[in-house]
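Here's the structure, in structure tokens; my notes come after.
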Amino acid sequence: MVKYVVRRAFQMIPVFIGVTLILFVLRAPGVLPGDPVRMITGERAISDALREQIIQKHALDQPLYRQYVLYVSNILKGDLGESFQRGRPVLDILADKFPNTLRLAVAGIIIEAIIGVTAGIISAVRQYSFLDVLVTLSTSILVSVPVFWLGMLFQIFFGIKLKEWTGGTFYLPISQMSSANFPDWVHIILPAITLASVSTAYVARIMRSQMLESMGQDYIRTAEAKGLTRRAVTFRHALKNALIPVVTFVGIDFGVMMGGAILTETVFSWPGVGREIFLAVGQRDWPIVMGGVIVIVFLVMIINLLVDLSYALLDPRIRYGGGAE
Amino acid sequence: MPALLEVKNLATHFTTRDGIVKAVDGVSFTLEQGKILAVVGESGSGKSVTALSIMRLVAEPQGRIVSGEVLFKGDDVLKMNDSQVRELRGDRIAMIFQDPMTSLNPVFRVGRQIGESLVLHKGMSRKEAFERAAELLDMVGIPHPRERARDYPHQFSGGMRQRAMIAMALACDPDILIADEPTTALDVTIQAQILELMMEMQERTGAAIIIITHDLGVVADMADDVMVMYAGKQVEYGTSDQVFYRPLHPYTWGLLASLPRHDVDEKGALRPIAGQPPSLINVPSGCAFHPRCPHARGLCSADAPELIDANSGHLAACHISPDERLLLQPPGRGGGVR
């Protein structure tokens, strides 16, 4: 087990090098338009002395590979650089935004897991029933709805139309700024549903197909032959087997959400990591973009590892690094 | 006193896209306390569906028991409500399936799976049931049973899994044990061990056994009675001696002739029955076996033969007259069979 974790940790090294290299090359002079000094100073005119100072500070006169080595060694020291526009360390900026992203991700994953798994089970247990058709049809539609469009629809319906129709007695806030007379957590409902929408549909579909497959297995007949009730057979014997792939999907998705939901956060002006990166791209604030992407990659890798380890808890056939078989 | 199990005119049909499959079409037999009945036939002859029908485990709604009675100690299983049937399953009638690799749930410990029916039927706690499961594993010859009970199925070999399945089936001390091709998925050496174990357990618990197989050799020494099935119907039924030494039906002759013999050196001369098992949607007219029967005559394709008692409880469904059978010299046998 420890061996396995160490081996996986080593596998992260090439990913890390690859990601940083790609990011670094992208911002190198000549690849993207823009003079690096101009990116930092913006449009205002600067003296040659200041220009020289900026070049010195960011080591822009060094050969490219030196700049890369410097950048990577700074990252390893926990220094993601300083924002061009804001003059603050990137790590501080991301750390400020991260709790918001985390809150949204947790809310999203709860919705995804509960609604997705429940819908999938109902759909499988009552195959070809009205509910099954409803789930199958609505998930097919949902997976193809763009997140930003769904977010806007929600805003228009729950935040504006509903407010008009009910004279302001019932509606949902569409961003934290839009209303002060709601408890804090209510603001998260619409963004969380939007963020979870596509994944919830996938979870329901995976759950349904896994459940159906699992219920057709020989061991289900064995369980029935023991005299177990339909309910015990379904929820004890079939469900535990069917959940294994679903847990993987939800786990990996949580990693992705933690990295910030750029579309959802932007549509709902949610002050998270994703929106910060989106804004930084517009401003060509490269340290934030690079730092943000590196943090996301790192989080996704860690979560993937945790998901793989949690596998062993659900599926006894999987044991890492020796032990039984 | 009513017989332990009496099946009367059982018929189970499946609705498929191509039509109705008469998987079991009028099967009747009686099983007495402590006896072993072998049900023999090729794939698709309705053996397994007969067994599943007795336990009412036929997959609905495609499969449906359309007629007949299954009397367990005089009570018709087919008329019971779901909870009454569940009380029988695993407690009074238990079942072992063909493939021990897939019949155990991969995500639960073997001991827990064995103990599950004890919790359900005997009201034991999970812990008591686990203890008892270890004893049962010991009984079926698994070494270090207490540790092995904590293992998962993938940590067991095929033979061990089938032993665990037997332990599971015997957990509640059932009256009837139905074994659906219990050795088909196992190595030949393991097959013998498993059959031996089943005999031993039968002696110990006194349970009656229905063993389903496509291999007559497997059951020769074991069974008290033999039922031969073809295309969902019984074609022959009798004691083991009757069926092995004086087989009446040409299909049984074919089955016996196709057994590999170890006492005669025939240089690879396996003699399979010509042709294919019939489609159960378009069963041949008359006697379903007539297209493959070397002794078929005009009457056979026109008229389905009745199951007739030829000699003290030895039943056969065939138009060939008893006198003619003697002339045809069917390959009755005994000693040479495995």
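Going down the list, the sequences are from chains Z and R.
Residues are numbered in the numbering used here as their position in the first sequence, beginning at 1, plus a constant of 1.
Residues are numbered in the numbering used here as their position in the second sequence, beginning at 1, plus a constant of 297.
Beta carbons are placed, not taken as given, at the ideal position from N, Cα and C, and that holds for glycine.
None of these values were measured; they are calculated from a predicted model.
Query	Result
Tell me whether D286 of chain Z sits in a helix, a strand or coil according to DSSP, three-state version.	coil
Sorted by chain position, which residues of the same chain lie with C-beta nearer than 6 Å to L132 of chain Z's C-beta, five sequence neighbours on each side aside?	I123
Between L415 of chain R and R458 of chain R, which are expected to be in contact by the criterion C-beta below 8 Å, what is the C-beta distance as a whole number of angstroms?	Not quite, the Cβ-Cβ distance comes to about 19 Å (not below 8 Å), so this is no contact.
In three-state DSSP terms, what is K319 of chain R?	strand
What is the C-beta distance between C300 of chain R and L328 of chain R, in whole angstroms, given that I count them as a contact (C-beta under 8 Å)?	It should be pointed out that residue 300 of chain R corresponds to Ala in this sequence rather than to Cys. Confirmed, Cβ separation roughly 7 Å.
Here's a check: name, in chain order, each residue in its chain whose Cβ is nearer than 6 Å to the Cβ of R635 of chain R, leaving out the five neighbours to either side.	Low per-residue confidence applies at R635 of chain R: pLDDT is 37, beneath 50, and the placement is therefore not dependable enough to give any value.
Starting from N101 of chain Z, trace the alpha helix (DSSP H) in both directions and tell me its first and last residue.	V91 to V126
Less than 6 Å between C-beta atoms, sequence neighbours within five positions excluded: which residues of the same chain meet that for G412 of chain R?	A426, F427 and A430
Residues of chain R with CB under 8 Å from K4 of chain Z, in chain order?	Correct list: empty, because the minimum Cβ distance to chain R is about 21 Å.
Check distances from the C-beta atoms of the stretch 230 to 253 of chain Z to those of chain R and list, in chain order, the residues that come in under 7 Å.	T230, H238, K241 and N242
Closest Cβ-Cβ distance between T399 of chain R and chain Z: below 8 Å?	yes
Under 8 Å between C-beta atoms, does A482 of chain R make it to chain Z?	no
Determine which residues of the stretch 469 to 495 of chain R have a Cβ less than 7 Å from any Cβ of chain Z, and write them out in chain order.	none
Does the contact criterion of 3 or more C-beta pairs under 8 Å hold for the stretch 286 to 299 of chain Z versus the stretch 22 to 29 of chain Z?	yes
With distances taken from CA atoms, which of R:A320, R:A504, R:C590 and R:H546 is nearest V523 of chain R?	R:H546
Taking S141 of chain Z as part of the beta strand (DSSP E), name the residues at either end of that continuous run.	Element bounds for S141 of chain Z: not the beta strand (DSSP E) but the alpha helix (DSSP H), F131 to V144.
Between A520 of chain R and A466 of chain R, is the Cβ-Cβ spacing less than 8 Å?	no
Leaving out five residues before and five after I14 of chain Z in sequence, what residues of the same chain have Cβ atoms less than 8 Å from its Cβ?	none
What are the residues that DSSP puts in a beta bridge with M524 of chain R?	R:V336 and R:Y534
Within a Cβ cutoff of 8 Å, which residues of the same chain sit near G160 of chain Z, ignoring the five residues on either side of it in sequence?	Y172, L173, P174, I175, S179 and L191
Mark V251 of chain Z as exposed unless 16 or more other C-beta atoms lie within 10 angstroms of its C-beta, in which case mark it buried.	buried
For H611 of chain R, which beta-bridge partners are listed by DSSP?	R:N608
Kindly indicate which three-state DSSP category L300 of chain Z falls into: helix, strand or coil?	helix
Between the C-alpha atoms of I362 of chain R and T309 of chain R, what's the straight-line distance to the nearest angstrom?	4 Å
Looking only at its chain, what residues have a beta carbon closer than 6 Å to the beta carbon of A243 of chain Z, apart from the 5 residues adjacent to it on each side?	Q211, M212 and S215
With a threshold of 8 Å between beta-carbons, can Y548 of chain R be considered close to chain C, or not?	Absent from the structure is chain C; the protein chains it does hold are Z and R.
Taking only beta-carbon positions, decide if Y220 of chain Z is within less than 8 Å of chain R.	yes
Hey, could you find the ends of the alpha helix (DSSP H) S345 of chain R is sitting in?	K344 to I351
Could you give the distance in angstroms between the alpha-carbon of G371 of chain R and the alpha-carbon of S325 of chain R?	15 Å
Suppose you measure from the CA of D512 of chain R to the CA of E444 of chain R; what does that come to, to the nearest Å?	35 Å
What are the start and end residues of the alpha helix (DSSP H) that includes D310 of chain R?	Sequence inspection shows His at residue 310 of chain R; the Asp mentioned does not correspond to that position. Per DSSP, H310 of chain R belongs to no alpha helix (DSSP H); it is in the beta strand (DSSP E), L302 to T313.
Is the Cβ-Cβ distance between I41 of chain Z and I55 of chain Z less than 8 Å?	yes
Please list, in chain order, the chain Z residues whose beta carbon lies closer than 8 Å to that of P403 of chain R.	Y220, N242, D316, P317 and R318
Straight-line CA distance for A325 of chain Z to S84 of chain Z?	Reliability fails at A325 of chain Z, whose pLDDT of 41 lies under 50, so the model's placement of it is uncertain and the value that follows must be treated cautiously. When rounded, the distance between both Cα atoms is 51 Å.
Looking only at C-alpha atoms, which of Z:K164, Z:K227 and Z:F183 sits nearest to V382 of chain R?	Z:K227
Would you say I245 of chain Z and D309 of chain Z are within 8 Å of each other, going by their C-beta atoms?	no
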